[in-house]
Amino acid sequence: MIKVISISLENEMDLVLSHKRSMKVAERLGLTVATQTTFATAVSEIARTVIEHTDDGILDIGLEQSQTRYSLMATVTFNKDIRFTNADAGFYYAQKLVPGFDLAETEAENMITMKIGLPRSLKLDPLKIGILKKDFEDELPLNPYEEIKLRNMTLHRLASEKDEALRQSRLIDEKKNEFISIASHELKTPITVLKAYTQMAKAHKEPLNKHLQGLLTKIDVQSNKLLTLVQQLLDISKIENGNLQYNMKEVGFNDFLHAQVTIMRHILPHHEIDTDFCDDAQVMIDELRMEQVLANLLGNAAKYSERNTRISVTTTLSEEGKITICIRDQGRGMSAETTHSVFEKFYRAKDVLKSHTGLGMGLYITSKIINDHNGKIWVESTEGSGSAFHFTLPLSTAI
Amino acid sequence: MNTVSKRILIFDDDDDIQSICTFILEQDGWQVSVKGSCAGLIDHITAFNPSVILMDNWIPDEGGVVATQRIKSTEATKCIPVIYFSANSDIESLAKTAGADMFLPKPFDLSELIEIINKAYHIRQSVS
Chain Z
1 MIKVISISLE NEMDLVLSHK RSMKVAERLG LTVATQTTFA TAVSEIARTV
51 IEHTDDGILD IGLEQSQTRY SLMATVTFNK DIRFTNADAG FYYAQKLVPG
101 FDLAETEAEN MITMKIGLPR SLKLDPLKIG ILKKDFEDEL PLNPYEEIKL
151 RNMTLHRLAS EKDEALRQSR LIDEKKNEFI SIASHELKTP ITVLKAYTQM
201 AKAHKEPLNK HLQGLLTKID VQSNKLLTLV QQLLDISKIE NGNLQYNMKE
251 VGFNDFLHAQ VTIMRHILPH HEIDTDFCDD AQVMIDELRM EQVLANLLGN
301 AAKYSERNTR ISVTTTLSEE GKITICIRDQ GRGMSAETTH SVFEKFYRAK
351 DVLKSHTGLG MGLYITSKII NDHNGKIWVE STEGSGSAFH FTLPLSTAI
Chain Y
1001 MNTVSKRILI FDDDDDIQSI CTFILEQDGW QVSVKGSCAG LIDHITAFNP
1051 SVILMDNWIP DEGGVVATQR IKSTEATKCI PVIYFSANSD IESLAKTAGA
1101 DMFLPKPFDL SELIEIINKA YHIRQSVS
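Going down the list, the protein sequences come from chains Z and Y. The numbers in my numbering rise by one with no breaks, and the one at position 78 of the first sequence is 78. The numbers in my numbering rise by one with no breaks, and the one at position 42 of the second sequence is 1042.
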């Protein structure tokens, strides 16, 4: 069938609509008023019978071509559990009205088909039918009920489209995180192998010359960098899935910080790291995660400043029971725009995109870790003269 | 049972990990046997009679968790220490679920590898 109109049969108001629309289609085809009425009556009788039983019937009106002739056709589909017999007055009456009447009962649904053959004199062709279809699509609502019905349909469609879009984006997000998690795991295996072979080579019994030792050390350093990146990717996917977990312990902060700075002095031999600590205080932290924070902030301080410049680590106790840690460098500093966005995931300042490698993951993870410790992190920076990253940690109640 | 010789059975399907572990541990005086899957798991263990087992998380067919659980629920093998090793970041909980005695996250330092295996070996010695 070449469908021209479709109406869902929900209540009595749809009967009026079915009748009017059937009339209109028949009229537009150029049928006589008598034929228009006959067709419309048959359609609305069936529609009424269906509405009496269910509210999910569908009426379709259109044309069917058999060889060179066309028929005006209406179908009403409804739930397969509803059976009509000639005891249903409307069903019985409609059969008498139209020349072609058929009730098909299938697995999925029942369908009543009504047909009236159209005279050749109407000279229908695909072009004319196309115009007819288009006209009915553009037709304004017949009455306020149809208008509401159409709006309701549009809203339903929009709502389900939105739901679908949301579902899709969630799915994509899940897939992405799953991918990152699997990829990081897969990447770790070759790194394991690489690191092991390097260590084996370094531990070789025959003495290696200095140059070769140096090269092997470089390979080891780079594998460690690669490992950090993989770890960061994994952390990000964990943050997004909401399962970054912490193993909180109470520690004396000064000892912890001293140990970290000592390690970082080895890793960053080209910078001077000064410390100025306040009185010792107890904090509840995940030591491994806090190590990650300090390695990130000190690493950045060194990365974005010249060799042989100073990096200072200072701490202060505040009256509200917090300790503030400040890491200050004498590096290139940041623009106001960068200062604003530097903690965002995958953010990288335009001016360092070419000069400094990185993926923009470190500070995002750091800020997440600090937040999860109920602390705050912020940055003050002046372009050309350096940056100062501050973060706070609440003191544990033990003191 | 011969408790004197240091015998280790390694379950890992990665060729390089197999050869690295074999090389390092043989240097440390171990008799090493490697398996790329856990087919015939219990038979291999009883035949080789290892003093320590190293089990990868991602081992065909059944995976390290199930394999370790089987080792730990079989009378003849349950006393052999199992070291769980994996690149999975949830290794600690995996090892716990599996019922492994220790765990070693990948990547590891070679010295860590030797250290943990010897630790497991000494536990085994003191038990038997």
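The C-beta atom is built at its ideal place from N, Cα and C for all residues, glycine as well.
Classify residue i as buried or exposed, calling it buried when 16 or more other Cβ atoms lie within 10 Å of its own Cβ.
| i | result |
| --- | --- |
| I399 (chain Z) | Residue placement at I399 (chain Z) is flagged as unreliable, the pLDDT there being 45, under the threshold of 50; the coordinate-derived value follows with that caveat. Exposed, since its Cβ has fewer than 16 Cβ neighbours within 10 Å. |
| M153 (chain Z) | exposed |
| W378 (chain Z) | exposed |
| V221 (chain Z) | exposed |
| H266 (chain Z) | exposed |
| N1002 (chain Y) | Model confidence at N1002 (chain Y) stands at a pLDDT of 45, short of 50, so the residue's coordinates are unreliable and nothing is read from them. |
| N1057 (chain Y) | buried |
| E186 (chain Z) | exposed |
| H373 (chain Z) | buried |
| N296 (chain Z) | buried |
| I131 (chain Z) | exposed |
| D135 (chain Z) | exposed |
| T198 (chain Z) | buried |
| R1007 (chain Y) | buried |
| T1046 (chain Y) | exposed |
| H1122 (chain Y) | exposed |
| A40 (chain Z) | buried |
| I7 (chain Z) | buried |
| K24 (chain Z) | buried |
| Q245 (chain Z) | exposed |
| R69 (chain Z) | exposed |
| P119 (chain Z) | exposed |
| T85 (chain Z) | exposed |
| I369 (chain Z) | buried |
| L106 (chain Z) | Here residue 106 (chain Z) is Thr; the residue named in the question, Leu, does not match the sequence. Looking at its Cβ environment, which holds fewer than 16 other Cβ atoms inside 10 Å, T106 (chain Z) is exposed. |
| L1025 (chain Y) | buried |
| I984 (chain Y) | Residue numbering for chain Y in the displayed model covers 1001 to 1128; residue 984 (chain Y) lies beyond these limits and cannot be assessed. |
| G252 (chain Z) | exposed |
| A94 (chain Z) | buried |
| T262 (chain Z) | exposed |
Consider the Cβ of residue i: report whether some Cβ of chain C lies at a distance smaller than 8 Å.
| i | result |
| --- | --- |
| K188 (chain Z) | The chain labelled as chain C is not found among the protein chains of the depicted structure, namely Z and Y. |
Measuring alpha carbon to alpha carbon, tell me which residue in the options is nearest residue i.
| i | options | result |
| --- | --- | --- |
| T32 (chain Z) | Z:S121, Z:E45, Z:H53 | Z:S121 |
| L233 (chain Z) | Z:A40, Z:K345, Z:R48 | Z:K345 |
| M114 (chain Z) | Z:D102, Z:S22, Z:L229, Z:D125 | Z:D102 |
| S301 (chain Z) | Z:E320, Z:K322, Z:I285, Z:E272 | The residue you asked about is not Ser; residue 301 (chain Z) is Ala in the sequence shown. Answer by Cα proximity: Z:E272. |
| T1022 (chain Y) | Z:T315, Z:A196, Z:S305, Z:L298 | Z:A196 |
| L17 (chain Z) | Z:V43, Z:A34, Z:E27, Z:G30 | Z:V43 |
| A74 (chain Z) | Z:A26, Z:E161, Z:Y92 | Z:A26 |
| E1087 (chain Y) | Y:P1105, Y:V1032, Y:A1098, Y:R1124 | Per the sequence presented here, residue 1087 (chain Y) reads as Ala, with Glu not at that position. The option with the nearest alpha carbon to A1087 (chain Y) is Y:P1105. |
| T1068 (chain Y) | Y:D1016, Y:F1048, Y:A1098 | Y:A1098 |
| S71 (chain Z) | Z:I82, Z:E109, Z:D88, Z:G100 | Z:G100 |
| A34 (chain Z) | Z:A89, Z:D88, Z:V98, Z:I82 | Z:V98 |
| E139 (chain Z) | Z:A94, Z:R328, Z:D274, Z:R21 | Z:R21 |
| V1032 (chain Y) | Y:C1038, Y:F1048, Y:I1042 | Y:F1048 |
| E52 (chain Z) | Z:R28, Z:G30, Z:L171, Z:F91 | Z:F91 |
| D1109 (chain Y) | Z:S223, Z:S160, Z:T85, Z:G299 | Z:S223 |
| K202 (chain Z) | Z:L216, Z:V230, Z:L29 | Z:L216 |
| H1044 (chain Y) | Y:E1026, Y:I1010, Y:I1091, Y:G1029 | Y:I1010 |
| L227 (chain Z) | Z:P126, Z:E174, Z:I172, Z:I191 | Z:I191 |
| V76 (chain Z) | Z:I112, Z:D125, Z:H390, Z:H270 | Z:I112 |
| D81 (chain Z) | Z:H270, Z:A108, Z:S66, Z:Q260 | Z:A108 |
Rounded to the nearest angstrom, how far is the Cβ of residue i from that of residue j, given a contact under 8 Å?
| i | j | result |
| --- | --- | --- |
| G333 (chain Z) | T366 (chain Z) | Actually they are not in contact, since the Cβ atoms of G333 (chain Z) and T366 (chain Z) sit about 19 Å apart, beyond 8 Å. |
| V283 (chain Z) | I323 (chain Z) | 7 Å |
| V1034 (chain Y) | D1012 (chain Y) | 7 Å |
| N177 (chain Z) | S237 (chain Z) | 4 Å |
| A47 (chain Z) | D88 (chain Z) | Contact doesn't hold; Cβ gap of about 13 Å is too wide. |
| S305 (chain Z) | G331 (chain Z) | 3 Å |
**Report entry** Inter-stretch contact (C-beta, 8 Å, three-pair minimum) for the segment 287 to 302 of chain Z and the segment 245 to 260 of chain Z
**Finding:** At 8 Å Cβ cutoff, the stretches touch.
Report task. Scan the segment 311 to 371 of chain Z and note each continuous alpha helix (DSSP H) run of 4 residues or more that stays entirely inside, going in chain order. Result -> With a minimum length of 4 residues, the continuous alpha helix (DSSP H) runs that stay inside the segment 311 to 371 of chain Z are 336 to 341.
Query - Length at least 3, wholly inside the segment 44 to 71 of chain Z: the beta strand (DSSP E) runs in chain order - result: The segment 44 to 71 of chain Z contains these whole beta strand (DSSP E) runs: 57 to 66.
Requested in this report: Count the C-beta pairs between the segment 1068 to 1087 of chain Y and the segment 1043 to 1057 of chain Y that are closer than 8 Å, then say yes if the count reaches three, no if not.
Outcome: Counting Cβ pairs under 8 Å, three or more are found: they touch.
Requested in this report: Determine contact between the segment 60 to 67 of chain Z and the segment 2 to 19 of chain Z, defined as no fewer than three beta-carbon pairs at a distance below 8 Å.
Outcome: Yes: the two stretches touch, three or more of their Cβ pairs being nearer than 8 Å.
Report task. Taking 8 Å as the threshold, find out whether the segment 38 to 57 of chain Z comes into contact with the segment 176 to 195 of chain Z through three or more Cβ pairs. Result -> Contact between the segment 38 to 57 of chain Z and the segment 176 to 195 of chain Z is absent: fewer than 3 CB-CB pairs across the two stretches fall below 8 Å.
Query raised in the report: Just checking, does the segment 310 to 327 of chain Z make contact with the segment 346 to 361 of chain Z on the three C-beta pairs under 8 Å criterion?
Result: By the Cβ rule, the segment 310 to 327 of chain Z does not count as touching the segment 346 to 361 of chain Z, because fewer than three pairs are nearer than 8 Å.
Query raised in the report: Where in the segment 1008 to 1096 of chain Y do unbroken runs of the beta strand (DSSP E), each at least 3 residues long, occur, reported from the N-terminal end onward?
Result: When DSSP assignments are scanned along the segment 1008 to 1096 of chain Y, the uninterrupted stretches of beta strand (DSSP E) that are 3 or more residues long and fall wholly within it turn out to be 1031 to 1035, 1052 to 1056, 1082 to 1086.
Requested in this report: Within the segment 263 to 319 of chain Z, note down every full beta strand (DSSP E) run reaching 3 residues or more, in order along the chain.
Outcome: Taking only runs of at least 3 residues, the beta strand (DSSP E) segments lying wholly in the segment 263 to 319 of chain Z are 272 to 276, 282 to 285, 310 to 318.
Requested in this report: Would you check if the segment 382 to 392 of chain Z and the segment 1013 to 1020 of chain Y touch, i.e. whether three or more CB-CB distances between them fall below 8 Å?
Outcome: Taking a contact to require three or more Cβ pairs closer than 8 Å, the segment 1013 to 1020 of chain Y and the segment 382 to 392 of chain Z do not qualify as touching.
Requested in this report: May I have a chain-ordered list of the alpha helix (DSSP H) segments no shorter than 4 residues that lie completely inside the segment 2 to 48 of chain Z?
Outcome: Segments of the alpha helix (DSSP H) lying fully in the segment 2 to 48 of chain Z: 12 to 29.
Query - Whole runs of the beta strand (DSSP E) within the segment 151 to 214 of chain Z, excluding any shorter than 3 residues - result: Not a single unbroken stretch of the beta strand (DSSP E) spanning 3 or more residues falls wholly within the segment 151 to 214 of chain Z.
Requested in this report: Any chance you could list the beta strand (DSSP E) runs of at least 3 consecutive residues sitting entirely within the segment 88 to 133 of chain Z, in chain order?
Outcome: Correct list: 100 to 105, 109 to 117.
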